[in-house]
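Reading through the structure tokens given below for one structure.
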Amino acid sequence: MSAKRRPPGEVLLKVENISLSFGGVRALSDISFEIRRHEVFSIIGPNGAGKSSMLNCINGFYHPQGGSITYKGRTRRQMRPHEVASQGIARTFQNIALFRGMSTLDNIMTGRSLKMRAGLLAQAIRFGPALKEELEHREFCERIIDFLEIESIRKVPVGRLPYGLQKRVELGRALAAEPELLLLDEPMAGMNLEEKRDMCRFILDVNDEFGTTICMIEHDMGVVMDISDRVVVLDYGRKIGEGQPEEVRSNQAVIDAYLGVQH
Amino acid sequence: MFYREAGQYKTSYVADQAVFPIRQDRYGIAIILLVAFVAIPFLGSTFLLQAVMIPFLIYSLAAIGLNLLTGYTGLLSLGTGAFMGVGAYACYKLTSVFPEVNILVWIIASGFVAAAIGILFGLPSLRIKGFYLAIATLAAQFFLQWCFVRIPWLVNYNVSNAIEVPQRQLGEIILTGPNSTPLTRYMVVLVIVVVMTWLASNIVHGRIGRMWMAVRDQDIAAELMGIRLLPTKLLAFAVSSFYCGVAGAMLVFLWYGGAEADTFNINQSFFVLFMIIIGGLGSLLGAYFGAALIFGLPILLRYVPAELGLPLHSATVEHLSFLVVGVLIIFFLIVEPHGLARLWQIAKQKLRVWPFPY
Ligand SMILES: Nc1ncnc2c1ncn2[C@@H]1O[C@H](COP(=O)(O)OP(=O)(O)OP(=O)(O)O)[C@@H](O)[C@H]1O
Ligand SMILES: [Mg+2]
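If you want it as structure tokens, here you go:
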């Protein structure tokens with residue numbers, strides 16, 4: 061399935077010795093890894109291992125107590141959400157965080173907010189540049205809608221959509237920002253086989269066509285082994301393995317901690 | 003079958019992005035504008051203009067203002083009355099100091115003063131939301147009302163401690179003051195309200211409106227997408243207060259003809275809040291529905307039974323309206339938070355497929 065796509069490029073994101081705790085709970089201890097451009101990188105691990113916390117550190121929602129994160133050559137102790145977003149990192153959430161009162165189209169359009177420039181006054185009279193801008197971005201969002209095959213629900217409020225479609229819209233909203241690094245927190249959780257297959261196809265297509273770097277958390281081992289270039293394994297906030305899918309699969313610590321309990 | 007978009011294919015995103023993409027809606031709006039601009043001025047009685055249409059339009063504008071903040075951005079405010087008051091007092095001061103500048107300029111300018119005050123009292127919204135923010139805006143309400151009472155400079159040291167609206171003209175036409183006709187004032191109010199509704203509609207259908215709703219629906223996701231929460235919320239406070247400020251200035255200059263501090267008390271805030279709850283949170287049309295119902299109900303109760311030969315006592319009318327409004331608020335809060343505007347949508351949906359059930 062993973063026919064070799066673009067070769068991995070230089071290091072895009074480097075996480076060094078990240079530690080994070082909540083009161084007494086150590087969510088992450090001394091985690092380091094690198095994500096290269098154009099690769100599909102997966103973070104796996106049992107429940108509560110600290111995977112989501114890791115993504116939250118990367119996009120600046122959590123502030124790690126120790127370590128540093130280097131993105132596009134700039135090292136920071138803490139990331140700041142606005143800066144991260146404008147530097148090309150977008151994400152989806154484990155518990156879908158769509159704007160429930162808005163339509164599919166509006167959700168995706170909101171993903172482009174940072175790319176739009178027209179000020180309040182220009183928008184209020186919806187004239188000239190503001191209208192032109194709105195239409196250009198609408199066209200871009202329509203391409204995403206076509207790509208994700210959600211044309212028929214573009215005007216439907218997302219709160220009324222079934223779970224699988226909501227996940228898809230959330231991917232669309234993240235794609236609208238034209239990210240260089242796309243963080244996906246369990247994009248296939250709770251989906252049936254067919255929906256998973258579609259989602260895999262979308263992720264690989266995004267990676268393929270736009271060269272978007274993917275960092276994904278996923279529990280379905282089949283999917284992870286199939287589409288990832290590299291995998292890092294967390295357990296109780298520690299890194300217990302890293303490497304290509306085959307290496308990880310044969311790593312004894314990983315089998316004990318994670319794969320073992322499943323089979 | 004009567005109301006449907008079949009056969010109306012959108013060939014461009016311009017057409018589809020239009021505010022009223024369906025033809026019947028455009029006809030509806032055209033008819034309403036025709037009635038408002040032609041039929042009512044020619045056929046309406048002084049009573050209809052002065053006691054019904056002018057206040058209905060002014061309150062609709064205030065409700066739109068509050069809806070931008072509460073319905074679209076999800077920030078509950080109990081300070082609407084005070085922000086309207088800021089507009090009224092600002093307009094009075096400005097036209098007293100610079101009487102030669104046209105009053106219409108000052109009515110709009112007073113919106114900017116209200117916007118500035120709104121931003122100031124919106125600052126706590128970064129840290130607090132929901133109930134606690136409502137309390138903070140309540141503090142704004144009481145503080146500003148205290149200013150209206152205690153700072154005689156605001157009313158030019160009038161002995162009455164009240165705003166006394168002076169006569170202002172546009173060329174030969176008397177716009178404000180005791181000698182202005184309801185017809186003139188109605189036309190001024192109508193133009194301002196229609197234009198401002200159009201502007202609000204453009205804003206909520208563009209990037210800023212989407213950012214407001216994003217903050218309302220999922221502030222964390224919005225923030226992680228790079229939407230800065232504080233500026234977005236403050237902009238909502240500013241635009242909302244601008245609308246309330248203009249509504250307040252019009253309330254005094256084009257309807258009451260005078261006002262004291264108590265005009266802008268907490269009841270005024272609740273009055274407007276009830277309008278958007280009943281009309282529909284997050285809907286501009288809902289603001290009109292809400293204003294029509296809350297403002298129209300007492301008038302209906304007073305005059306319809308009288309026409310039918312069983313006049314109600316004015317106290318009874320008041321009690322009855324309170325009762326009905328209370329029941330409606332409970333109904334809408336529990337059953338349909340999107341208010342009358344949503345019921346209207348459902349009705350349209352039914353019309354579209356009529357006579358089939360689906
Ligand atoms: N905001 C928070 N406050 C307190 N504790 C937290 C917080 N976020 C995460 N934790 C704790 O950190 C640990 C790691 O949580 P995290 O959500 O990162 O796990 P996960 O690997 O994503 O698990 P899952 O597979 O269940 O999603 C857990 O023990 C969790 O309780
Ligand atoms: Mg998680």
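Listed in order, the protein sequences are those of chains P and G. End of the first sequence = 323 in my numbering, gap-free, step of one. End of the second sequence = 360 in my numbering, gap-free, step of one. The C-beta atom is built at its ideal place from N, Cα and C for all residues, glycine as well.
CB contact check: residue i to chain G, cutoff 9 Å
| i | result |
| --- | --- |
| ILE185(P) | yes |
| PHE270(P) | no |
| ASP245(P) | no |
| PHE82(P) | no |
| ALA178(P) | yes |
| HIS323(P) | Reliability fails at HIS323(P), whose pLDDT of 43 lies under 50, so the model's placement of it is uncertain and no value is given. |
| ARG233(P) | yes |
| ALA109(P) | no |
Cβ-heavy atom distance, residue i to ligand 2, below 8 Å
| i | result |
| --- | --- |
| ASP245(P) | yes |
| ALA132(P) | In the sequence under discussion, the amino acid at residue 132(P) is Lys, which differs from the Ala named in the question. No, since every heavy atom of ligand 2 falls outside the 8 Å radius drawn around the Cβ of LYS132(P). |
| SER112(P) | yes |
| GLN183(P) | no |
| ILE78(P) | no |
| ILE222(G) | no |
| ILE104(P) | no |
| LYS154(P) | Sequence check: residue 154(P) is Gln here, not Lys. Flag set: Cβ of GLN154(P) near ligand 2. |
Short CB-CB distance (under 9 Å) between residue i and chain P
| i | result |
| --- | --- |
| MET169(G) | According to the sequence as given, residue 169(G) is Gln; it is not Met. Taking Cβ atoms only, chain P never reaches closer than 9 Å to GLN169(G), which makes this a no. |
| HIS315(G) | no |
| ARG209(G) | yes |
| GLY341(G) | no |
| MET3(G) | Because MET3(G) carries a pLDDT of 42, less than 50, the predicted location of this residue cannot be relied on, and no value is offered for it. |
| LEU70(G) | no |
| LEU237(G) | yes |
| VAL241(G) | yes |
Chain G residues whose Cβ lies nearer than 7 Å to that of residue i
| i | result |
| --- | --- |
| MET169(P) | ARG212 |
| HIS142(P) | GLY228, ARG230 |
heavy atom of ligand 1 below 8 Å from residue i C-beta
| i | result |
| --- | --- |
| PHE82(P) | yes |
| GLY108(P) | yes |
| HIS197(P) | no |
| LEU226(G) | no |
| CYS321(G) | In the sequence under discussion, the amino acid at residue 321(G) is His, which differs from the Cys named in the question. No; taking the cut-off as 8 Å, the Cβ of HIS321(G) has no heavy atom of ligand 1 nearer than that. |
| LEU140(G) | no |
| GLY120(P) | no |
| ILE153(G) | no |
| ILE277(P) | yes |
| VAL217(G) | no |
| LEU70(G) | no |
| ALA87(P) | yes |
| GLY297(P) | yes |
| LEU294(P) | yes |
Integer-rounded CB distance, given that residue j should sit under 8 Å from residue i
| i | j | result |
| --- | --- | --- |
| ALA263(G) | CYS93(G) | Between CYS93(G) and ALA263(G) the Cβ distance is about 15 Å, and since that is not below 8 Å, they are no contact. |
| THR152(P) | ASP280(P) | The Cβ separation is near 16 Å, so there is no contact. |
| LEU71(G) | LEU135(G) | Actually they do not touch by this definition, with Cβ atoms about 10 Å apart. |
Contacts that residue i makes with chain P (C-beta to C-beta distance below 8 Å)
| i | result |
| --- | --- |
| LEU201(G) | ALA184, ILE185 |
| ILE205(G) | LEU180, GLN183, ALA184 |
Interface partners of residue i on chain G, CB under 8 Å
| i | result |
| --- | --- |
| SER173(P) | ARG209, ARG212, MET213, ALA216, MET227, GLY228, ILE229 |
| ALA87(P) | Ordered by position in chain G, no residue passes the 8 Å Cβ test against ALA87(P), which lies about 18 Å from the chain. |
| GLU238(P) | Within chain G, no residue comes near GLU238(P); the closest Cβ sits about 12 Å away, beyond 8 Å. |
| ALA249(P) | Neighbours of ALA249(P) on chain G: none; closest Cβ ~17 Å, over 8 Å. |
| ALA313(P) | The premise fails here: ALA313(P) is roughly 32 Å from chain G at the closest Cβ pair, so nothing lies under 8 Å. |
Closer than 9 Å at the beta carbon, the chain G residues around residue i
| i | result |
| --- | --- |
| PHE121(P) | ILE222, GLU225, LEU226 |
| THR317(P) | Before going on, a small fix: residue 317(P) reads as Ala here, not Thr. In chain order: nothing, as chain G lies at least about 30 Å away. |
Under 7 Å by beta carbon: chain P residues contacting residue i
| i | result |
| --- | --- |
| TYR61(G) | Residues of chain P passing the Cβ test: none, with the nearest at roughly 22 Å. |
Cross-chain neighbours of residue i in chain P, by beta carbon under 9 Å
| i | result |
| --- | --- |
| TYR188(G) | In chain order: nothing, as chain P lies at least about 25 Å away. |
Of the residues that make up the region 214 to 225 of chain G, which ones have a beta carbon closer than 8 Å to any beta carbon in chain P?
Listed by position along the chain: MET215, ALA216, ARG218, ASP219, GLN220, ILE222, ALA223, ALA224, GLU225.
Under 8 Å, CB to CB, which of the residues in the region 199 to 228 of chain P have a partner in chain G?
Residues of the region 199 to 228 of chain P whose Cβ lies closer than 8 Å to any Cβ of chain G, in chain order: GLU199, GLU202.
To be precise: take each residue of the region 284 to 300 of chain G, compare its Cβ to all Cβ atoms of chain P, and keep it if any distance is under 8 Å. Which residues remain?
Within the region 284 to 300 of chain G, the residues whose Cβ lies closer than 8 Å to any Cβ of chain P are, in chain order, GLY284.
Select from the region 147 to 169 of chain P all residues with a C-beta closer than 8 Å to any C-beta belonging to chain G, and list them in chain order.
For the region 147 to 169 of chain P, the beta-carbon criterion of a distance under 8 Å to any beta-carbon of chain G is satisfied by ALA150, ARG151, PHE153, ALA157, LEU158, PHE159, ARG160, GLY161, MET162, ASP166, MET169.
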